[in-house]
Structures are given as structure tokens and as C-alpha cells.
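*Asks:* One structure, pasted below without further comment.
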């Protein structure tokens, strides 16, 4: 493996691992806020105990999330130095705000949440819990603004003198439609993860007849919040698909394994087997109009197929070569205004010319065959995207069905009446994580070969370091993260088995319990 | 009749019989002292006993942390390990013909 593949693998491993913890933190933080609100409103001790018990599990997960997230920020400097220089002016700002504002805010309120139960009034502690939840979500907002810019680099322009992208309009970066859609979709997915976690563990207690009162109440909260969140994920995922359809047409075509452009409105492929050799999809099962309506929100706009998008990429590469030539001359003669003007005219396609770097160093002299190869390299891995997307969507609809059933049983006060349902709820536990990881694979693997869509190919962002260094740190991360995973699972299982009584060190209050003296 | 106990910074302090105010002071290395005290003295002794220990533990922890960070810096993040990525380096990286 070369330096590019090793650096990509290292970032993918650490990001996917980190994202095991993030969605649960997002989801549980809001659920803690809901539970404590009920406690403050009703004054019933059981809701305080619920908040404390689920809060203990939240704490274990939060600590692991922090430990695994920090390494990624270092990788921007160590493994992605050219990337950091080229786009750091834009990308660095939301990343810094996330670290300085949101994370410190979050860390402060985490401390208060755990240690201030007896120091603050009920209302003050409730404010702390909600502040924690908001800060957690703010962290996600800033990181997703940074990530959204990688998918849709709005509000920035290339500066030939500094050789970097620079912010031209921070509001455009902040209110980037891709970032906003991605944020609401991702946090909703996190709420689903948190809700399934609470639902599954509560089902485990109900199956064993332990902590029944706490488990039923927890399940009720998880079912209602989870149902709203699961519905949101689908609706907001549709918005995310629409924004991707505007500026990441190749990603949409690859996700659909749509090789040729169909007459509008395009149909949606529910099932099929993509064949890379023949560039066709076998055994397709299609829903007419569906993709056209989702991706363009219209019945007369075209969704382009992969082959047409490759042709478009060829044209942009040729245009980019003019920009590249102008930039090269401009670097030699800074006062050459004609070249500056030519660069400004074609700068939007400069990134496409950089795709040729993989095939030859002197981009201006690329042959038609090399231009064809560079254009073909804009196609991401179609089967991986096709299947990841379908499993993710399938799981999303399964969660809606599960939460709807749980909500109905909760309304009928029959949550513990059907052991089969409880077993289903328990064994659902790993599925939202799988769905969330698949979502990231679609978003990030689908962006390839770009690290910044249309601006910078991934291969050009990697540092010129020795592959051995990256391999060494990759092995180190794998070992360290595996140890953390064992510790995390051990602690979570330990406290779940201990249950609320064992975790809190006292018997959880049961409301309306008959007084033994009566 | 036992009055209660407290676990402070790794030490177990067992308050003695209510009547005689006997204080059993047990460190992690075993019981050390057995003396008669009043409750006020008891509290003062508990506070003064745990303060130096806490400071010592915090100091040791911070020292270990600084040493670990220094090692990490020198081994992996020092100037010699830092890839150069300024304007000229990026120009050479993006525009060079010798890649």
C-alpha cells in the first residue's frame, strides 16, 4: 500500500471507530434531558434515578468518544499537511470553533451533570443537562459544517498567490445547504441510536423481570422519541439526497448504479446487481419516477447517468488544463495579468486538471487516453455505495416499524406482554450503529476521488512522509482502539448487568408502591 | 456501636465507638493509629491528612502527563517530524513536474 492508501485507511479506521461513540452521545444527551425534565415536572424520584442510571452509561461512552476523536485532528497535520494548507483557511475555522467553543462547553457541563446533583437546585441541574445536550449537538454542527464544505465547497475561492482556498463569504460556509442537511440528518440518526440503545437495554430488563418500572418508563421515552427521530432521519435523509443531487451528481449516480441517463423523471432501483465490467445493473427492480422526484424535486429535470458524467468530467479536465497552464505561468511571472485573467476564467475546473497528476506529472501534456483515464477515475466504487445505501435505508424503515410498534404497546401499557417483541428490541441493539456507519461510507467513500469535491483530489492532500510512519501509527491506533473497545464494552456490560440499583448504590424508587406497614 | 466510616482518597477512616470517641485511622498499609479525639479534632485530622496526599497525587499525575506529552512531542511531532507545507512547498507539490 502506498502513502495515499495508508493515510486514507488510517483516517477511515479512526473516523469509523470514533463514530461508534458519537451517535450514542448525541442521542443519550437528549434522552437524559427528557427524563430529567419529567423528574422536575413530576417530582417523582424514579425519573431522577433513570437520568442518573442512563447518565452513567452516557459517561462511559462520552469518555471513549473524546479519546478516539482527538487523534483525527492530529492526522490533519501529520498525514494531510498539503490538504491542511490548501483548505485550512476554510476548514480550520469550523474545526477550531468546534474544539474551542462546543467541546469545552460540553466538557464543562458533563462535569456539572455528574458532580452537581447535590450542589444545584432541581431547575439548575435541569438547565445543566439541557446545556450538555445542546453543547453536544453544537459540536456535531461545527464538525458537519467542516465536513459539508468538503462535499460542497461554497463561500471560498482559490488564491494563486498563497496556493490555497480562502474564505470569501463565511455566511455561505456556515449556511452551506449540504452542511445543514447533513447536520439534521446525522443528529437524527444519533437520536435513533440513543433510542434503540435505551429500548434494547430496557427490553433486556423486562425479559428478565428486573427493574420493571424503570425499564417500562425508559422504553416509553425511547419509543416516542425514537419514532419521531426515525421518521426525521428518512425525511432529512431525503433532503440530504436532494442537496447531493445538486452538486455531487456522480455520487447519486453511483449510489443508484445508474450507468445511463434516463428520460426525466428517473426511476429508483430498489434492487439490482451492479456489474462493473459490462457497466450495467442486472436483475433491476425499479420504482418509476421515484429517483427523479427525490434528486431533483421535479418531474422534468434529468438525473445524469455515470457515462454522461464521465463525459462531462472529460470536458472539465480539458478546461482545467487551461487553468493549470495559466497557474504555472503565473507562478513564474506574478505580474502576468493575462494569465491571472485566464486562471480566473477557468479556475472552477482547476481541480479536475489535478486529477491528471495521478497519470502524469506534466498535466498540460496529457494524452487523450490519460484524460479518459482521469475522467473514469471520478467514478467511486459503485457496488459498495449501491449496497451500503440500500442496507442503510432498509434499516431506517425497520427502525420506524420497531418504534411504531413500541409506541403502540406503550400507549396500551402492554410493553412487557410480548416476549417476542422484547427479544426483537434487544437484538436490534447493533443495527443503528451499522446503519450510521453505512451512512458515513456512502457520504465519504462516495466523495472519492475528491477530498474536496471538484477542488482537490485526495491523493494530492496527503503529506510527503514515509509510508512506514503511517503504517506504524496505524498499527498503534488499531491496537490502542481495540483495547479501548474491550474496556468500553466491559464497562457498559458491567453497569448494565449491575442495573440501576447496583450502579446508583441504592434501590431505585418505585412510585405508587404499597407501604409494607399497611 | 459504630458511628460510620468514610473513604477519602484511598484511605479508610473508621470512626470509633460513639461514647469513647476512639478513632481508628486505617491507611492502605494497615491500621496506624489508635487515639482518643473529639469529633472536631477528628474532622480536622481527616482534612489535613488527605490534603497532602491529594496534592501529591495531583502533582505526580501532572508530572507523568507532562513527561508523556514531551516524549510524544519529541518522538512524533517535533520540528524534524513535521512535514513542510507552506506556499512554496504546496506550489512544488501541485505544480511540479517531477512527481
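Protein chains in written order, with our numbering: chain A, 429 to 946; chain B, 3 to 101.
Glycine included, C-beta positions come from ideal geometry on N, C-alpha and C.
Reducing DSSP to helix, strand and coil, say where residue 594 (chain A) ends up.
*Replies:* Here residue 594 (chain A) carries a strand assignment [DSSP, helix/strand/coil].
*Asks:* If you count every other CB in all the chains shown that lies within 10 Å of the CB of residue 625 (chain A), and 16 or more means buried, which is it?
*Replies:* Answer is buried; the Cβ neighbour count reaches 16.
*Asks:* With 8 Å set as the bound, which would you pick, yes or no: does the beta-carbon of residue 446 (chain A) sit closer than that to a beta-carbon of chain B?
*Replies:* no
*Asks:* Provide the residue(s) that pair with residue 696 (chain A) in DSSP beta bridges, ordered along the chain.
*Replies:* A:715
*Asks:* If you measure beta-carbon to beta-carbon, which residues of the segment 883-913 of chain A are closer than 7 Å to chain B?
*Replies:* 888, 891, 892 and 893
*Asks:* Is DSSP giving residue 589 (chain A) helix, strand or coil here?
*Replies:* coil
*Asks:* According to DSSP, is residue 934 (chain A) part of a helix, a strand, or is it coil?
*Replies:* coil
*Asks:* Quick one: what's got a C-beta closer than 6 Å to residue 525 (chain A)'s C-beta in the same chain, skipping five residues either side?
*Replies:* 570
*Asks:* Measure the alpha-carbon distance for residue 512 (chain A) versus residue 575 (chain A) and round it to whole angstroms.
*Replies:* 13 Å
*Asks:* To the nearest angstrom, report how far apart residue 449 (chain A) and residue 918 (chain A) are at their CA atoms.
*Replies:* 15 Å
*Asks:* Can you pull the DSSP bridge partners for residue 584 (chain A)?
*Replies:* A:595
*Asks:* Relative to the alpha-carbon of residue 659 (chain A), which residue among A:696, A:545 and A:612 has its alpha-carbon at the smallest distance?
*Replies:* A:612
*Asks:* How would you list, in chain order, the residues of chain B whose beta-carbon sits under 9 Å from the beta-carbon of residue 782 (chain A)?
*Replies:* 96
*Asks:* Contact between the segment 852-865 of chain A and the segment 749-758 of chain A: three or more CB pairs below 8 Å?
*Replies:* The segment 852-865 of chain A vs the segment 749-758 of chain A: no contact.
*Asks:* Which runs of the alpha helix (DSSP H) spanning at least 4 residues fall entirely within the segment 439-489 of chain A, listed in chain order?
*Replies:* 450-470
*Asks:* Looking at chain A, is there any beta carbon in it that lies within less than 8 Å of the beta carbon of residue 87 (chain B)?
*Replies:* yes
*Asks:* According to DSSP, which residues form a beta bridge with residue 948 (chain A)?
*Replies:* The requested residue 948 (chain A) is not part of the displayed model; chain A covers only 429 to 946.
*Asks:* Step through the CB atoms of chain B and report whether any lies within less than 8 Å of the CB of residue 771 (chain A).
*Replies:* no
*Asks:* With a Cβ-Cβ cutoff of 8 Å, do residue 742 (chain A) and residue 803 (chain A) count as a contact?
*Replies:* yes
*Asks:* Would you say residue 500 (chain A) reaches chain B, if we count a Cβ-Cβ gap shorter than 8 Å as a contact?
*Replies:* no
*Asks:* Return yes when the Cβ of residue 650 (chain A) is within less than 8 Å of the Cβ of residue 630 (chain A), no when it is not.
*Replies:* yes
*Asks:* Mind the definition here: the segment 684-704 of chain A touches the segment 471-490 of chain A only if three or more C-beta pairs lie below 8 Å; say whether that holds.
*Replies:* no
*Asks:* List the endpoints of the continuous beta strand (DSSP E) containing residue 878 (chain A).
*Replies:* 878-880
*Asks:* My understanding is that residue 927 (chain A) touches residue 638 (chain A), with C-beta atoms under 8 Å, so please give their C-beta distance in whole angstroms.
*Replies:* 6 Å
*Asks:* By the three-class DSSP mapping on this structure, what secondary structure does residue 701 (chain A) have?
*Replies:* strand
*Asks:* Against chain B, which members of the segment 502-527 of chain A pass a CB distance test of less than 7 Å?
*Replies:* 509, 510, 512, 513 and 514
*Asks:* Pull up the distance between the alpha-carbon of residue 443 (chain A) and that of residue 831 (chain A), whole angstroms please.
*Replies:* Their backbone Cα atoms lie some 28 Å apart in a straight line.
*Asks:* Pull out every residue of the segment 750-775 of chain A whose Cβ sits closer than 9 Å to any Cβ of chain B, in chain order.
*Replies:* Taking 9 Å as the Cβ-Cβ cut-off against chain B, the residues of the segment 750-775 of chain A that qualify are 752, 755, 756 and 759.
*Asks:* Between the Cα of residue 432 (chain A) and those of A:653, A:509 and A:583, spot the shortest distance and give me the residue it belongs to.
*Replies:* A:509
*Asks:* From the DSSP output, which residues share a beta bridge with residue 710 (chain A)?
*Replies:* Partner(s): A:701.
*Asks:* By Cβ distance below 8 Å, which residues in the same chain neighbour residue 868 (chain A) in space, the five residues on each side in sequence not counted?
*Replies:* 443, 444 and 447
*Asks:* Short of 6 Å in beta carbon distance, which residues of its chain neighbour residue 880 (chain A), apart from the five on each side in sequence? Order them along the chain.
*Replies:* 515, 578 and 581
*Asks:* Determine the direct distance from the alpha carbon of residue 667 (chain A) to that of residue 609 (chain A), and round the result to whole angstroms.
*Replies:* 6 Å
*Asks:* Is there at least one Cβ from chain B nearer than 8 Å to residue 590 (chain A)'s Cβ?
*Replies:* Yes, because at least one Cβ of chain B sits closer than 8 Å to the Cβ of residue 590 (chain A).
*Asks:* With distances taken Cα to Cα, identify the nearest neighbour of residue 537 (chain A) among A:695, A:553, A:727 and A:771.
*Replies:* Its Cα nearest to that of residue 537 (chain A), the residue A:553 stands out among A:695, A:553, A:727 and A:771.
*Asks:* Classify residue 59 (chain B): buried if its beta carbon has 16 or more other beta carbons within 10 angstroms, exposed otherwise.
*Replies:* exposed
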